[in-house]
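Here's the structure, in structure tokens; my notes come after.
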Amino acid sequence: MHTQQEKQKKAWWPFVLAALMFGTMLALGRKIQFSGDVHASYTHNTFDDFAWTDLAVFAAAAVGAFVLLLAVDRLYDAFARPLKRKAFDKKLFVICFAVLCLCWLPFFLKDFPGSVLGDSFGSVQQALGDAAFSNHFPVVYTLFVGIFLKIGAAMGSLTGGVFLYSLTQYVLLAAAYAYFLTWLDSKGVRRWYIIASLLFFAIPQTFAMQAVVMWKDPLFTAFLLLLTMQLADAAQSQGKLLCNQTFLVKWVLLLLGIIFFRNNGLYIAAGLLVLLPIVYRRQAKRVCLATLSVIVASCIVTGPIYTACGVKKDSVVESLGVPIQQMAYVVTHDGEMNDTEREAVTSLLPEEEYKRVYTPCLVDSIKWDYGHFDDYYLEHNTVHLLKCWGTMCLKNFPSYVKAYCLETFGYWKIGARNGYGDMVAGISEGEGWDVYDLHTTDVLQRLPGGAWLSAVQDKLQIHFSIGTLFALWVLGLALLLRRKAYPFALVLAPGALLWLTLMLAAPVAFGVRYAYLLLAGFPLIPVVPVLAGNKNQQEEK
Numbered sequence: 011m012h013t014q015q016e017k018q019k020k021a022w023w024p025f026v027l028a029a030l031m032f033g034t035m036l037a038l039g040r041k042i043q044f045s046g047d048v049h050a051s052y053t054h055n056t057f058d059d060f061a062w063t064d065l066a067v068f069a070a071a072a073v074g075a076f077v078l079l080l081a082v083d084r085l086y087d088a089f090a091r092p093l094k095r096k097a098f099d100k101k102l103f104v105i106c107f108a109v110l111c112l113c114w115l116p117f118f119l120k121d122f123p124g125s126v127l128g129d130s131f132g133s134v135q136q137a138l139g140d141a142a143f144s145n146h147f148p149v150v151y152t153l154f155v156g157i158f159l160k161i162g163a164a165m166g167s168l169t170g171g172v173f174l175y176s177l178t179q180y181v182l183l184a185a186a187y188a189y190f191l192t193w194l195d196s197k198g199v200r201r202w203y204i205i206a207s208l209l210f211f212a213i214p215q216t217f218a219m220q221a222v223v224m225w226k227d228p229l230f231t232a233f234l235l236l237l238t239m240q241l242a243d244a245a246q247s248q249g250k251l252l253c254n255q256t257f258l259v260k261w262v263l264l265l266l267g268i269i270f271f272r273n274n275g276l277y278i279a280a281g282l283l284v285l286l287p288i289v290y291r292r293q294a295k296r297v298c299l300a301t302l303s304v305i306v307a308s309c310i311v312t313g314p315i316y317t318a319c320g321v322k323k324d325s326v327v328e329s330l331g332v333p334i335q336q337m338a339y340v341v342t343h344d345g346e347m348n349d350t351e352r353e354a355v356t357s358l359l360p361e362e363e364y365k366r367v368y369t370p371c372l373v374d375s376i377k378w379d380y381g382h383f384d385d386y387y388l389e390h391n392t393v394h395l396l397k398c399w400g401t402m403c404l405k406n407f408p409s410y411v412k413a414y415c416l417e418t419f420g421y422w423k424i425g426a427r428n429g430y431g432d433m434v435a436g437i438s439e440g441e442g443w444d445v446y447d448l449h450t451t452d453v454l455q456r457l458p459g460g461a462w463l464s465a466v467q468d469k470l471q472i473h474f475s476i477g478t479l480f481a482l483w484v485l486g487l488a489l490l491l492r493r494k495a496y497p498f499a500l501v502l503a504p505g506a507l508l509w510l511t512l513m514l515a516a517p518v519a520f521g522v523r524y525a526y527l528l529l530a531g532f533p534l535i536p537v538v539p540v541l542a543g544n545k546n547q548q549e550e551k
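Counting from 11, one number per residue, gives the positions in the sequence shown under the numbering used here.
The structure is reproduced here in structure tokens:
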């Protein structure tokens with residue numbers, strides 16, 4: 011038995027780091043002047059000049075955040091109690107599944123046969139053989155979509171194929187979230203919290219939309235959420251599950267899901283490969299070997315095997331969105347460049363075009379300026395361009411910070427919300443997609459009470475703030491690290507790693523779908539510190 015003084019020891023550095031992060035987020039966030047439209051030019055979406063008063067704001071925000079963290083820590087110490095595990099309640103799973111399916115149904119009927127948007131048609135074209143395969147739209151996901159489209163085509167109705175896809179994803183996501191809630195119940199979480207979490211998934215129409223949209227992100231998120239739950243199970247077993255054969259099989263399958271359904275899944279897997287042995291040491295030997303094997307195998311598949319099969323690699327521009335935006339900011343704001351740098355930047359896009367198409371919150375306006383953007387130059391001069399980007403950074407560092415913040419602030423600014431890519435519905439038309447003869451039918455309006463349900467559904471279209479959700483994710487991590495509950499802190503690592511990949515290559519300042527795990531995994535944040543127990547309880551064991 012440890013002494014009382016030993017039992018109360020906690021680490022301070024997690025709260026210090028979290029407070030500094032919150033201070034930075036608040037100080038930088040207040041400088042951004044956002045018009046509300048991500049497509050707006052650099053004259054409408056702006057970043058105020060830095061001033062000495064920013065340091066005062068940063069200091070005040072950091073101190074306030076530190077005090078808040080201490081208060082939350084005290085609340086957990088005072089009220090958190092160990093949870094008693096119980097059997098998985100199959101009846102509860104069925105109830106949660108049925109409630110979700112029923113509550114999402116009005117959106118599905120209004121959006122029948124499902125949402126097929128611009129990115130969706132990329133997979134549709136490839137799946138039907140109308141375009142060459144490209145891993146920009148992950149090949150495995152495209153093949154998955156193709157199963158349903160080909161069934162529909164064989165039945166004489168591509169619309170029927172879209173419906174089958176939407177229905178399958180609808181059922182899979184309802185099952186995944188119902189399993190998640192029942193899993194929480196099995197950990198001993200109180201029923202009132204389970205009910206509140208069920209309403210969280212059932213009422214906001216974001217979840218209904220994600221259930222029927224033909225995007226890779228919803229299923230990728232389901233895989234990542236299940237992987238997060240695996241890490242929680244391993245933490246509660248004190249690492250013993252990491253050597254369990256059944257656990258390893260599930261782990262491998264989920265890793266394959268996140269890697270082959272979205273390209274940044276590989277980096278999340280690599281991050282976990284680094285963190286697992288740090289947290290679990292020798293216990294992680296088998297799971298690390300399995301993770302490494304999956305990473306190597308996936309690199310072989312997406313590398314030489316895809317090349318041999320004629321699959322195009324993802325364009326370099328998809329990984330360099332942030333550097334391109336930073337160089338564009340320098341050009342449009344008459345920053346400092348030498349002749350070599352200016353030649354490299356203007357070879358990519360003429361200087362007058364930067365000023366015409368640059369939108370600080372969305373890189374698409376530059377990379378889709380097909381008449382002027384030289385993708386060939388970027389592909390064949392990537393190293394030279396990055397060298398120029400690096401040397402320009404030294405001379406234009408404040409401008410680089412401003413450009414970076416404007417391109418990413420939706421993922422870290424607390425309270426920042428926007429409807430871009432959030433509540434989307436229906437089947438996109440134009441762009442050559444009319445050839446597929448796909449159209450949205452509002453079945454809901456044809457049903458008794460349909461108009462009322464449609465009006466209710468419209469009012470439940472809530473735009474969530476990823477920046478706020480990330481702040482809560484950081485709060486959970488800080489509480490766990492302060493208690494030195496490292497295995498439980500690892501539970502939140504997939505969400506943190508997902509966020510980091512966005513910070514390196516965010517395509518747009520907003521996009522709930524890109525960080526969807528932070529939303530779908532939200533009910534887990536208050537629970538994990540309770541699962542871990544406070545440090546005193548752990549020592550007493």
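We treat Cβ as the ideally placed atom computed from N, Cα and C, and that holds for glycine.
In this structure Pro228 is not in contact with Thr169, their Cβ atoms being roughly 20 Å apart against a cut-off of 8 Å. Considering only Gln240, Phe520, Leu282, Leu266, the residue with the shortest C-alpha distance to Ala426 is Phe520.
Inclusion of Lys226 and Phe131 in the CB contact set at 9 Å is not warranted, their separation being larger than that value. The C-beta distance from Leu110 to Ala232 rounds to 13 Å, too long to fall under 8 Å, and the pair is not in contact. In the structure shown, Lys19 adopts coil according to DSSP, grouped into three states.
Exposure of Thr317 is indicated by the presence of fewer than 16 other C-beta atoms within 10 angstroms of its C-beta.
Distance from the CA atom of Ile42 to the CA atom of Asp59, rounded to whole angstroms, is 10 Å. Looking at Trp114, Thr53, Leu38, Val321, the one whose alpha-carbon comes closest to that of Ala61 is Leu38. For Gln471, the three-state secondary structure derived from DSSP is coil. DSSP places Ser357 in the uninterrupted alpha helix (DSSP H) bounded by 349–358. Between Met219 and Asp129, the C-beta spacing is not below 9 Å. A direct Cα-Cα distance of roughly 43 Å separates Gln136 from Arg40.
Leu265 sits away from Gly249, with the two beta carbons spaced by 9 Å or more.
Fewer than three pairs of CB atoms, one per stretch, sit closer than 8 Å, so the segment 290–306 makes no contact with the segment 523–531.
With contacts defined as CB atoms closer than 9 Å, Leu174 and Phe158 qualify as a contacting pair.
Bridge partners of Leu372 according to DSSP: Thr369, Val518. In this structure, the straight-line span from the alpha carbon of Trp114 to that of Gly46 is close to 28 Å. Under a 10 Å Cβ-count criterion, Asn348 is classified as exposed, with fewer than 16 other Cβ atoms of the shown protein chains found around its own Cβ. Residue pairing for Ser144: DSSP places it in a beta bridge opposite Lys322.
Look at the beta carbons and you see the segment 496–504 touching the segment 282–290: at least three pairs across the two are nearer than 8 Å. Taking the Cα positions, Val223 is about 6 Å away from Val126. Residue pairing by DSSP places Val126 opposite Ile437 in a beta bridge. In this structure the segment 161–168 does not touch the segment 485–492; the number of beta carbon pairs closer than 8 Å is below three. Within the segment 281–341, the runs of alpha helix (DSSP H) that reach at least 4 residues and sit entirely inside it are, in chain order, 295–310. Around the beta carbon of Asp444, a 10 Å sphere encloses fewer than 16 other beta carbons of the protein chains shown; the residue is thus reported as exposed.
Taking every protein chain shown into account, the CB of Met35 has 16 or more other CB atoms within 10 angstroms, so this residue is buried. Between the segment 334–348 and the segment 409–419, the count of Cβ pairs shorter than 8 Å is three or higher; the stretches touch.
The continuous alpha helix (DSSP H) containing Glu389 extends over residues 385–390. Per the C-alpha coordinates, the member of Ser207, Tyr364, Leu541 positioned closest to His343 is Tyr364.
Look at Gln455 here: in three-state DSSP terms it is helix. Under the DSSP definition of a beta bridge, Val223 partners with Ser125.
The beta carbon of Lys405 sits closer than 7 Å to the beta carbons of Glu346 from its chain, once the five residues preceding and following it are set aside; these are given in chain order. Inside the segment 245–283, DSSP marks whole alpha helix (DSSP H) runs of 4 or more residues at positions 255–271, from first to last along the chain.
Check the Cα spacing between Ile472 and each of Thr216, Ala465, Pro497, Asp384: the tightest is with Thr216. Under DSSP, Thr56 forms a beta bridge with Gln43. The count of Cβ pairs closer than 8 Å, one atom from the segment 188–199 and one from the segment 525–540, reaches three, so the stretches are in contact.
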